[in-house]
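The structure under discussion appears below in the form of structure tokens.
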Amino acid sequence: MTPRHEGRLKLIRAVLPVIIVFLVFLGIGLRLWYLQVYQYQTYQRLSINNRIRLKSIPASRGLIFDRNGVLLVDNRPSYCAAIVPEDIKDPHALFSFLKQALWIDEKEIRKRLKKRAYFAPFQARVIKKNLGILEVARLQTHLAEFPGLEILIRSRRHYLYGELASHLLGYIGEINQRELKKYQKKEKNVYSPGDYIGKYGIEKTLEKELRGEKGGYQVEVDANGREMKTLDRVAPIPGHNIYLTISIFLQKKLEELMADKAGAAVAVNAETGEILAMVSHPNFDPNLFTTGITPLQWRALAKNPLHPLQDRAIQGTYPPGSTYKIVTASGGLEEGVIQPDTILFCPGYLRFGHRSYRCWKKSGHGNISIHQAIVGSCDVFFYQVGLRLGVDRLAFYSRAFGLGKPTGIQLPGEKGGLIPDSRWKRKRFHEPWYQGETLSIAIGQGYVLATPLQMAMLMASVANDGKLLRPLVVSKIVDIGGKTLKKCKAEIRSRLPLSEKTLKIVKSGLWGVVNEPHGTARRARLKDISVSGKTGTAQVVRIKRDKLSHKKVAVHLRDHAWFVAFAPSDQPVIAMSVLVEHGGHGGSAAAPIAGKFLRAFFDGEEQY
Amino acid sequence: MLQIDRKLFKNIDWGFTILIFLILAAGLINLYSATSEKNVVSNTYFMHQIYWSFLGIIVMAVALCISNKFYKENAVIFYIISLILLLIVDIYGMISAGAQRWIRLGPVSLQPSELAKLSLILVLGYYYDAKKNMEVLALPDLLIPIILTVIPVGLIIKQPDLGTAILLLLIFISIMLYEGISIKLFFALTGAGLAALPLLWGFLKPYQKARLLTFINPDRDPLGAGYHIIQSKIAVGSGGVWGKGFLQGTQCKLQFLPEHHTDFVFSVLAEEWGFMGSLIAIALLGLLIVWGLEIARQAKNRFGEVVAVGITAMFFWQIVINIGMVIGIMPVVGIPLPFFSYGGSATMTNLFAIGILMSIRMRQHAYPVSTY
Chain A
1 MTPRHEGRLK LIRAVLPVII VFLVFLGIGL RLWYLQVYQY QTYQRLSINN RIRLKSIPAS
61 RGLIFDRNGV LLVDNRPSYC AAIVPEDIKD PHALFSFLKQ ALWIDEKEIR KRLKKRAYFA
121 PFQARVIKKN LGILEVARLQ THLAEFPGLE ILIRSRRHYL YGELASHLLG YIGEINQREL
181 KKYQKKEKNV YSPGDYIGKY GIEKTLEKEL RGEKGGYQVE VDANGREMKT LDRVAPIPGH
241 NIYLTISIFL QKKLEELMAD KAGAAVAVNA ETGEILAMVS HPNFDPNLFT TGITPLQWRA
301 LAKNPLHPLQ DRAIQGTYPP GSTYKIVTAS GGLEEGVIQP DTILFCPGYL RFGHRSYRCW
361 KKSGHGNISI HQAIVGSCDV FFYQVGLRLG VDRLAFYSRA FGLGKPTGIQ LPGEKGGLIP
421 DSRWKRKRFH EPWYQGETLS IAIGQGYVLA TPLQMAMLMA SVANDGKLLR PLVVSKIVDI
481 GGKTLKKCKA EIRSRLPLSE KTLKIVKSGL WGVVNEPHGT ARRARLKDIS VSGKTGTAQV
541 VRIKRDKLSH KKVAVHLRDH AWFVAFAPSD QPVIAMSVLV EHGGHGGSAA APIAGKFLRA
601 FFDGEEQY
Chain B
1001 MLQIDRKLFK NIDWGFTILI FLILAAGLIN LYSATSEKNV VSNTYFMHQI YWSFLGIIVM
1061 AVALCISNKF YKENAVIFYI ISLILLLIVD IYGMISAGAQ RWIRLGPVSL QPSELAKLSL
1121 ILVLGYYYDA KKNMEVLALP DLLIPIILTV IPVGLIIKQP DLGTAILLLL IFISIMLYEG
1181 ISIKLFFALT GAGLAALPLL WGFLKPYQKA RLLTFINPDR DPLGAGYHII QSKIAVGSGG
1241 VWGKGFLQGT QCKLQFLPEH HTDFVFSVLA EEWGFMGSLI AIALLGLLIV WGLEIARQAK
1301 NRFGEVVAVG ITAMFFWQIV INIGMVIGIM PVVGIPLPFF SYGGSATMTN LFAIGILMSI
1361 RMRQHAYPVS TY
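See the structure below:
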């Protein structure tokens, strides 16, 4: 580089950057002049009248349909009285007017305003929802006299069938501070105080799909908070519509059958895992939550000893009783500890250690094979199979059938039940496993716990020859333009580790339970369609069976009645489970419900 | 390392020192107004900032005593330490699955991306210093500076802190242009940069994309990102020529203005002190930049020159982006205004940088004087 070049470069470095910096700062200065001097009047006015407010337009929540497009949940308009505290000019006049017009006194209003301290400034706060037409008229005529008072039109969630499928549909409620914080971390600005959010059931798990996207507008308001001019507006985007897998017809039928009972029943498509009906009784009316549940109503629900808010189908864990023998039989055959022709003797009890373990049939079943043991639900036979298998192999097969862990249904709060093994016991009780305990496990008593949904899926896996499916509740999600965004597909969680031969023997046993003369579930029989199933009676407390007849035992001490089934036996399309709390025997309390439901299902099959 | 030399201290640039103290004072006064709210008795933000400023002045004094040689010899170590700190923040952020910009050390929380700015400037100074003076760099020579810049930029984008990442890039580009680059290479790099833009777009978080789109079209989101800009413009515009007066800004006091003590602190100043106050403020800041350029021009070696340019560029871009955002000519990216916005790490870093600038300034004459 020549010295002359160097000199020129030095000059450029000295001058050019300074010129650039000067021009940039000049630009900033000019812009400031434009805003502060040239446009001063405009901004001054906006700032004095304060001005610009943001109002959000709630998106209308997605609708929910059943599998055939029957509307289950929609939105109805509802009027709310609201207050913008910053705009109130004469609080006393306003409060006394509200007392007259809406029957709410000052203390109540102040409480509502105070509770919502986390609202943004100038946000309208609802003080009374679901106004009657008279109340709206009274407010409307006096609106101009009371700055700060507003009537908002909000949509209210409406559950068309009331209590029907209430646990599955769930409900929505006003977002609380905890949820607000949680969501603010994940996605900013989606929710603000006062918004509604899914709290339970499908409303909760599909919240993201259902909620849509809020719109909003910027308005210029006068000093009294009246809207003068809309500056900008973004339309809300409605939420997606959800088609469930349940059929409202079947749901209604199953609810009717369970109406006077406490318990749960689940019916699924045996090939796809789609849930056709799912009932938990007692239930509740989700509409209560959208109209604003009163403390009294809430207490009645929460304190009810029958726990109507609990979804027994996925949250209730019960000993599966004899329905569990399906697992014991499969494991025994697959491991070769018994053969199809192995004959064991049942004298009505089994001596083990120092104790005698009873069979439900006092006189005993005599010499029987596995087929007859399933048909007659012989306890003594399965005690021996259980002993030969040991608890850990039983646990292995239980888990293979999907027990002991949640099924993965798209609903909140699903329980996994419990499958004990020796390791679990050491960890939990610091004790070794006793063989005597294996006896109770082998017939589904003791520590074993399962949910009605798990048992229905277990039955489906037997019915479809070994595919353990994930239960599906959503059949498709459709956006507002009618475009299908997501369509459910059968999801195979795993395959049963059972040979075709084993499955065939177990299935023939299950056919016999319903159709053979000594079967325990003859009351689930249909005249034109063959049903396969298994009864179960889960002990709540140990009662000497021969001393008291069933009717004399106090209700809360009576056994839980189970029945699991699939049909038709040769080419199953539907699998189901029924649990009746304290119903007594599975064969008499649960099997008839399944029978009647299957009758209705096959009678109207074309419709759904 | 320390050169406590009386001869040297004669060379302290008192004019520059006074300028810095004027800006600091203006910043504190404005922050007091921005953070004092109705019904709030104690103003903890303000007290914290005072405390940070004092600490920062001490840091500045120490930085000014340290010789340029020491900065040069330790630039690489400083750079590596800051990378490690950035990495720790990224990993910690990954574990806690959230945005993470701080490292907590007991009561103090450190923001490594602030340190990264200075360490990048020093390491670039170290690199350029090794080259022949006045040499215009070609592509092979620029490869290493590019890599040195891209590593911290990548780590900071991951935090995610888009603003600081962009700032690092701008600092590098400024140094590169100042130190000379062939015209062909300049166009080639510009082209490559434009081609990489869509790639960068993919890295952005949804809210960052929203902000940029909102800048291009403010109607897109009048409730979210657009709201800030509109409210800020109202605050600035309603200030008028003379302002609403100290502590009298309504936009800020009524909480229409978001982030009024950090990113939007300048709109408080513009609202309360008007066009006149704003002009004085930007004149002071502009003077700081020009003074920084003068320090660079007179630096006695290339290290001093590059570091002075880098630090000046750091202040220049922060000022331009922040004020530009407040007055609605730049997209909303989270870059604070030096000496005005609330923040411990930033205050310390800024005063540390000023200390380095003053150290370079002092030593410009030290040796020529002795060789006379």
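Chains as they are written, first to last, in this note's numbering: chain A, 1 to 608; chain B, 1001 to 1372. In this text, a Cβ means the ideal position worked out from N, Cα and C, and glycines have one as well. Quantities reported herein were computed from a predicted structural model and do not represent experimental measurements.
Neighbours of A/Q44 across chain B, judged by C-beta separation under 8 angstroms: G1237, S1238, G1240.
Taking the CA atoms as reference points, B/V1089 sits about 48 angstroms from A/Q41. At a cut-off of 9 angstroms between C-beta atoms, B/K1233 counts as an interface residue with respect to chain A.
For the options A/P77, A/T205, A/Y34, A/E86, the alpha carbon positioned closest to that of A/V473 is the one of A/T205. Residues are counted here when their Cβ sits less than 7 angstroms from a Cβ of chain B; for the stretch 7–41 of chain A these are L9, R13, A14, P17, V18, V21, V24, F25, I28, G29, R31, L32, W33, L35, Q36, V37, Q39, Y40, given in chain order. In the structure shown, the three-state DSSP call for A/P58 is coil. If the five residues before and after B/L1169 are omitted, its C-beta is found closer than 8 angstroms to the C-beta atoms of T1149, V1153, all from its own chain and listed in chain order.
The secondary-structure analysis by DSSP pairs A/V268 across a beta bridge with A/I275, A/A575. Under the three-state reduction of DSSP output, B/T1349 falls in the helix class. Ranking B/Y1127, B/K1131, B/D1161, B/G1163 by CA distance to the CA of B/I1147 puts B/Y1127 first. About 6 angstroms separates the beta carbons of A/T407 and A/L453, which is inside the 8 angstroms limit, making them a contact pair. Cβ neighbours of B/F1275 within its own chain (closer than 6 angstroms, five residues either side excluded): V1241.
Counting C-beta pairs closer than 8 angstroms gives three or more between the stretch 192–200 of chain A and the stretch 166–173 of chain A, which meets the contact rule. Among the residues of chain A, those whose CB is under 8 angstroms from the CB of B/Y1178 are R13, P17, following chain order.
Proximity to B/P1145 across B/M1330, B/I1175, B/D1161, B/I1157 peaks at B/I1175, based on C-alpha coordinates.
A/H371: member of the alpha helix (DSSP H) spanning 370–376, first to last residue. Looking at the DSSP output, A/V126 sits in a beta bridge with A/A82. By the criterion of a C-beta distance shorter than 8 angstroms, A/G466 is surrounded in its chain by R495, L496, L498, L503, once the five residues flanking it on both sides are discounted.
Contact between A/T342 and A/S363 is ruled out by a C-beta separation of about 22 angstroms, above the 8 angstroms threshold. Here the alpha carbon of B/A1281 sits roughly 11 angstroms from the alpha carbon of B/F1339. If you look at A/R426, you'll find it in the alpha helix (DSSP H) that goes 422–429.
In this structure A/N269 is buried. Its beta-carbon is surrounded by 16 or more other beta-carbon atoms within 10 angstroms.
Within the same chain, and ignoring the five residues on either side of A/L598 in sequence, the residues whose Cβ sits closer than 8 angstroms to its Cβ are A524, L526, I529, V531, A565, A567, I574, M576.
Counting only runs of 4+ residues, the alpha helix (DSSP H) found wholly inside the stretch 205–261 of chain A occupies 207–211, 248–258, in chain order.
At a beta-carbon threshold of 7 angstroms, none of the residues of chain A lie near B/F1266; the nearest stands roughly 10 angstroms away. Neighbours of B/L1279 in chain A, taken as residues at a C-beta separation under 8 angstroms, are given in chain order as G29, L32. Here DSSP, grouped into helix, strand and coil, assigns A/H354 to coil. DSSP places B/W1242 in the coil class of the three-state scheme, outside both helix and strand. Taking 9 angstroms as the threshold, the shortest C-beta distance from A/S60 to chain B does not fall below it. Taking the CA atoms as reference points, B/L1143 sits about 33 angstroms from B/I1323. For the set A/P85, A/A313, A/S475, the Cα lying nearest the Cα of A/M278 is the one of A/A313. Under the Cβ criterion (8 angstroms, minimum of three pairs), the stretch 474–487 of chain A does not count as touching the stretch 509–524 of chain A.
B/N1322 carries a helical assignment under DSSP once its states are collapsed to helix, strand and coil. Residue pairing by DSSP puts A/W562 in a beta bridge opposite A/G536, A/L579.
Around the C-beta of B/T1349, 16 or more other C-beta atoms lie within 10 Å, and the residue is accordingly described as buried. With the criterion set as a beta carbon lying under 7 angstroms from some beta carbon of chain A, the members of the stretch 1305–1323 of chain B are F1316, V1320, I1323, in sequence order.
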